[in-house]
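Respectively, the protein sequence lines represent chains Z and C. Count along the first sequence from 1, add 30, and you get the number used in this note's numbering. Count along the second sequence from 1, add 1, and you get the number used in this note's numbering. See structure below.
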Amino acid sequence: MKVGFCPACGARLDAAASFVQEFWAGADCHFLCWCAGCGAMCTVAISPRLVSSEPEH
Amino acid sequence: MLSQEKNERLTQVGPGTPMGNLLRRYWWPVATHDMAGRVPVRRRLLGEDLVLFRDASGRLGLLAEQCPHRRASLALGCTERGGLRCGYHGWLFDADGQCLEQPGEPADSTFAARIRATSYPVAELGGLIFAYLGPAPAPLLPRYDLFVWPDVWRDIAHAELPCNFVQIMENSVDPYHVEWLHGRYGSFLKELAGEPPVQVVTRKHVKVAFEVFEHGILKRRILEGQTEQDEDWKTGHPLVFPHMLRVGGGGIATFQIRVPIDDTHTWHVWYQTYRFDSPAAPQASVPVYRVPLHDAQGEWLRDYVDGQDICAWVTQGAIADRSQEHLGRSDLGVIMLRKLYFEQMDRVAAGLDPLCTFRDPALNECIELPMERDKFGGAQAFRQMWLRESSIRYSPIRDELLARFGAVA
């Protein structure tokens, strides 16, 4: 699994100048992405399941 | 993991590569002051073979090693008042690379005027000789505080390491290694040697933070028992982009300068300053010394902090294979640094100055960098440990340092 396109502008992230770095947080595989096209930096998380929590109210 | 293609982009420093183009926008230490004399010396920087010399009038010069005539090494040359004369056929080049004489050519020949050796600007600062291998106009040579403080002692240690410079830089944004490589592994080695465990560097990291700022990446940490009011968090210390770590405390401040010789070798320079409680007479010159890498059995020396770091860096491989690594959340500093290199490569490709380019003399008189004084929560304890456990243990002035700091050998 990898992140192929910028979530902000859709440019290819495997273009030489852009940066995609995989790292792990527990069971979640994260990709820190920086797009040389639009300058957006973001983290994409590929998770085996969605965990949501409801704040106290 | 990082793709193989991006790992190559990150680590290749030669001419025409994206990282090579970025790094050529900076001044690099190419020698210590004692290396540049009348005898030309070979140096290698960013994958280029060079010859450094001081001509008979005292002017420094840095030329590509091969003579433009028949490609003999200019290291086999004679330094004269006007420059460097090739030992093979006597062609004379000044420090700007201009050919001044070609003794074998007819007296009325104008051939020399059309011949230049590749030359690079050089400048001396703080006991180091810096070179600029990039496009004109060169930025200012940064006058970082340790290079220009008037009232400190200095020494310069150096060693040539068989690995790429990026993996060394990554160590500088990896705070957790301190408690494991130096704390746990260092204590394990002490245990095997029948010595008490190491102090100071064993405390658990509770929180770390990294922040890109005008000088690079500012690194902060909170150790067990500390709060956000401690200097390790409140002040922190920087990775100075693209090639230095600033570290120290308790009157000792060091630049660890990582100079890429080529893709698989790094000249590591420990540039130290010492500020004593009572004034000391100025030094006549800055002492320079080599840091040994191996013990008598040929094993990597690893019974002290800098040796342990060196061991980790070189055993990652000549160029760490980042396509095989597994990073976690504790590696976010490393990821931030890689991203910063990519971003700055892109700036250079777009024709812009990268981070830490200085062109205004008013801002370059003394570039003060942040650094905690009470490192790891205690200046005295840190200084005591650092004098024993860092490359300072090989300094020719170590005994004087111990005496002036009132430290125990």
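A virtual CB, placed ideally from N, CA and C, is assigned to each residue, including glycine.
| query | result |
| --- | --- |
| Minimum Cβ-Cβ distance from F343 (chain C) to chain Z less than 8 Å | yes |
| Range covered by the beta strand (DSSP E) that runs through A55 (chain Z) | F49 to A55 |
| Secondary structure of R115 (chain C), DSSP reduced to three states | helix |
| Three CB pairs or more closer than 8 Å across the segment 82-91 of chain C and the segment 60-73 of chain C | yes |
| Proximity of E244 (chain C) and I258 (chain C) at Cβ, strictly below 8 Å | Position check: residue 244 (chain C) holds His in this sequence, whereas Glu was assumed. Contact: yes. |
| Cβ distance (whole Å) where F94 (chain C) is taken to contact L64 (chain C) below 8 Å | 6 Å |
| The segment 214-234 of chain C contacting the segment 368-382 of chain C, beta-carbon criterion three pairs below 8 Å | yes |
| Endpoints, alpha helix (DSSP H) assigned at P19 (chain C) | P19 to L24 |
| Beta-carbon spacing of W271 (chain C), T255 (chain C) below 8 Å | yes |
| One or two residues paired with V248 (chain C) in a DSSP bridge | C:T255 |
| L182 (chain C) beta carbon less than 8 Å from that of W28 (chain C) | no |
| V123 (chain C) - containing alpha helix (DSSP H), residue span | From DSSP, V123 (chain C) is part of no alpha helix (DSSP H) but of the beta strand (DSSP E) over V123 to L126. |
| Whether S110 (chain C) touches Q103 (chain C) by CB criterion (8 Å) | yes |
| Chain Z residues whose Cβ lies nearer than 8 Å to that of L328 (chain C) | Q51, E52, F53 and W54 |
| Proximity of Y177 (chain C) and S331 (chain C) at Cβ, strictly below 8 Å | yes |
| Strand pairing of M71 (chain Z), partner residues [DSSP] | Z:W64 |
| Those residues which DSSP pairs with E212 (chain C) across a bridge | C:L219 |
| DSSP state of E344 (chain C) mapped onto helix, strand, coil | helix |
| Interface partners of M20 (chain C) on chain Z, CB under 9 Å | Those do not exist, as M20 (chain C) stays about 12 Å from chain Z at its closest Cβ, beyond 9 Å. |
| Within 8 Å of chain C by C-beta, residues of the segment 58-72 of chain Z in sequence order | L62, W64, A66 and M71 |
| Contact with chain C by A75 (chain Z), beta-carbon distance below 8 Å | no |
| Rounded C-alpha distance that separates L364 (chain C) from I130 (chain C) | 21 Å |
| Beta-carbon contacts of L62 (chain Z) that lie in its chain and below 6 Å, excluding the five residues immediately before and after | Q51 and T73 |
| Three-state secondary structure assigned by DSSP to T80 (chain C) | strand |
| L24 (chain C) beta carbon less than 8 Å from that of V14 (chain C) | yes |
| Sufficient close CB pairs (3 or more, under 8 Å) joining the segment 114-128 of chain C to the segment 5-20 of chain C | no |
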